[in-house]
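Here the structure comes first, spelled out in structure tokens, and everything after it is commentary.
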Amino acid sequence: DLRQIKSEEEIKLIQKAADISVQSFLRVLKATKPNIKEYELEAELSYNLIKSGGTRHAFKPIVASGKNACALHYNANDNTCIDGEMILMDFGVCYANYNSDTTRCFPVNGTFSERQKEVYNSVLYCLKEGSKMLKPGISHVEYEKNMACLVEEQLVKLGLISAEDISKQDPKKPLYKKYFMHGTAHHIGLDVHDVGPYKAIEPGMVFTCEPGIYIAEENLGCRLENDYLITKNGNINLTEAMPIEINDIERIMNS
Ligand code: GLY
Ligand code: MN
Ligand code: MN
């Protein structure tokens, strides 16, 4: 029970882990170019992690280019990043035994295609709207249900499922699960998936928020993940400094 509500000291260590993650991501954006290997980008993460005094990766980083982004736990990281593809990178830093957990997506060639932008903006919308719900007064189960509704709405907008098909779906097998098949809020702390129980959301808890849309038929997967400290009336994004807007990512990659 003690592990759910973080003390000031614990929050500082999670923030430090998140800050190292931000710097690692900036390194990766600068290093990315067509034909680079996924493991070369993993090496940028490892370099910055060790240089910054991190203890270890929170988990083996996922550097998934193109269709690999649709395999949720892909971490072989041995493919070549092809011009025109998007990369999904899910990585975390463990600093003094406390963990961060973040995901970003970015184009191999520094410029998102129109379709990549559409899907990315849908996921970003879910992250922005969904993370507002991470606050006291909502249960974990309710939060996940509301997030699923947000993603479902975007899947209709993207032309992947129709409102008519949703109205006829088997409620036990909702259609959105074809494109979005995981939960979006887990505790982080001493473990990257920290202990629960997952019931009421309370001040002092630290949760990830990580909506995603995975379109296997288009070889395109997108997830965006931040870490939030729950406060009395809302939350604080501990990963605010990690670029996430399309314009910012393109500007950094091309500067
Ligand atoms: N890669 C583990 C997670 O994001 O939860
Ligand atoms: Mn993650
Ligand atoms: Mn996570």
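Residues 18 to 272 in my numbering are what the sequence shown lists, from first letter to last. Note that the Cβ used here is the ideal one computed from N, Cα and C, for glycine as well. All values reported here derive from a predicted model rather than from experimental measurement.
Bounding residues of the alpha helix (DSSP H) (the contiguous stretch that carries Val173): On the sequence shown, position 156 is the one that residue 173 refers to. Per DSSP, Val173 is one residue of the alpha helix (DSSP H) stretching across His157 to Lys174.
Could you check the C-alpha separation between Gly101 and Asn236 for me, to the nearest Å? Here residue 101 is taken as the residue at index 84 of the sequence shown, counted from 1. Here residue 236 is taken as the residue at index 219 of the sequence shown, counted from 1. Going from the Cα of Gly101 to the Cα of Asn236 covers about 11 Å.
Please confirm whether any heavy atom of ligand 1 lies closer than 8 Å to the CB of Ile261. Taking the sequence shown and counting its residues from 1, one reaches residue 261 at position 244. No, since every heavy atom of ligand 1 falls outside the 8 Å radius drawn around the Cβ of Ile261.
Using 8 Å as the cut-off, can you tell me whether the stretch 28-40 makes contact with the stretch 114-126, which would need three or more C-beta pairs spanning the two stretches below that distance? Segments in contact, yes.
In the DSSP assignment, find the beta strand (DSSP E) that holds Ile104 and state where it starts and stops. The residue given as residue 104 occupies position 87 in the sequence shown. Annotation: the continuous beta strand (DSSP E) that includes Ile104 extends over Met103 to Phe108.
Counting Cβ pairs closer than 8 Å, one from the stretch 84-100 and one from the stretch 224-239, do we hit at least three? Touching, per the Cβ criterion.
By the three-class DSSP mapping on this structure, what secondary structure does Ser63 have? Taking the sequence shown and counting its residues from 1, the one referred to as residue 63 is at position 46. In this structure, Ser63 counts as helix in the three-state DSSP scheme.
With DSSP as the reference, label Gly147 as helix, strand or coil. Position 130 of the sequence shown, counting from 1, holds the residue named residue 147. Gly147: helix per DSSP, three-state reduction.
Flag Val209 as yes when its Cβ comes closer than 8 Å to any non-hydrogen atom of ligand 1, and as no otherwise. Here the question's residue 209 lines up with position 192 in the sequence shown. Val209 Cβ: within cutoff of ligand 1.
What runs of the beta strand (DSSP E), each 3 residues or longer, lie entirely inside the stretch 33-84? Runs of the beta strand (DSSP E) inside the stretch 33-84: 79-82.
Output the distance between the C-alpha atoms of Gln40 and Val173, rounded to the nearest integer angstrom. Stepping through the sequence shown from its first residue, residue 40 is reached at position 23. Stepping through the sequence shown from its first residue, residue 173 is reached at position 156. Each residue's Cα considered, the two are about 36 Å apart.
If you draw a straight line from the alpha carbon of Ile218 to that of Glu242, how long is it in whole angstroms? On the sequence shown, residue 218 is found 201 positions in, with the first residue counted as 1. On the sequence shown, residue 242 is found 225 positions in, with the first residue counted as 1. Approximately 18 Å between the Cα atoms of the pair.
Starting from Asn252 and walking both ways along the beta strand (DSSP E), at which residues does that stretch end? Walking along the sequence shown from the start, residue 252 turns up at place 235. Where Asn252 is concerned, the enclosing beta strand (DSSP E) stretches over Asn252 to Asn254.
Candidates Ile99, Leu30, Lys29 and Arg121, of which the one nearest Asn52 by Cα: By one-based count along the sequence shown, residue 52 stands at place 35. Checking every option, the nearest Cα to that of Asn52 belongs to Ile99.
With 16 other Cβ atoms within 10 Å as the buried cut-off, status of Met198: On the sequence shown, residue 198 is found 181 positions in, with the first residue counted as 1. Label assigned to Met198: exposed.
According to DSSP, simplified to helix, strand and coil, what is Tyr215? Position 198 of the sequence shown, counted from the start, is the residue given in the question as residue 215. In the three-state reduction of the DSSP assignment, Tyr215 falls in the coil class.
From which residue to which residue does the alpha helix (DSSP H) around Arg268 run? What you label residue 268 is simply residue 251 of the sequence shown in a count that begins at 1. Residues Ile263 to Met270.
Segment contact, 8 Å Cβ cut-off, at least three pairs: the stretch 63-74 with the stretch 143-157: A contact is defined here as three or more CB-CB pairs under 8 Å, and the stretch 63-74 fails this definition with respect to the stretch 143-157.
Less than 8 Å between the CB of Phe76 and some heavy atom of ligand 1, yes or no? Translated into positions along the sequence shown, residue 76 becomes position 59. Using a cutoff of 8 Å, the CB of Phe76 counts as near ligand 1, since one of the ligand's heavy atoms is closer than that.
Can you tell me whether Cys226 is buried or exposed? The criterion is at least 16 other CB atoms within 10 Å of its CB, across all chains shown. What you label residue 226 is simply residue 209 of the sequence shown in a count that begins at 1. With 16 or more other Cβ atoms within 10 Å, it is buried.
Length of the line joining the Cα atoms of Leu255 and Thr49: One-based indexing of the sequence shown puts residue 255 at position 238. One-based indexing of the sequence shown puts residue 49 at position 32. Their backbone Cα atoms lie some 25 Å apart in a straight line.
Should Glu59 and Asn96 be called a contact, given that it needs their Cβ atoms to be closer than 9 Å? Locating residue 59 in the sequence shown gives position 42, counting from the first residue. Locating residue 96 in the sequence shown gives position 79, counting from the first residue. Not in contact: Glu59 and Asn96 (Cβ atoms no closer than 9 Å).
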